[in-house]
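Residue numbers (the numbering used here): 598 to 688. Ideal placement from N, C-alpha and C gives every residue a C-beta, glycine not left out. Remember, it's a predicted structure, so these values are computed and weren't measured experimentally. To start, the structure under review is shown below, and the notes come after it.
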């Protein structure tokens, strides 16, 4: 795994090196998600609505075991409950 040392500025800011911004599609003015873990922080690019919908449809398709999913089929499904079930949250 590659690691790089970054300096934290006076307001707690860090600069994500250009090579990482380009590799992960992080653009100026864009948003990132910061996720705390036991080992430290994970910084991820925020996904576009289109990419999130695409991934949800793929996930729904895989759960349906080959049955094609359509956006309308997600109506009435609690995605929070579905993700909680898949990731074991709330157990």
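- For the pair residue 638 and residue 631, the CB atoms are nearer than the 8 Å cut-off.
- In the three-state reduction of the DSSP assignment, residue 613 falls in the coil class.
- When the beta-carbon positions are compared, residue 611 and residue 623 stay at least 8 Å from each other.
- The beta carbons of residue 627 and residue 604 sit no closer together than 8 Å.
- In the structure shown, the three-state DSSP call for residue 654 is helix.
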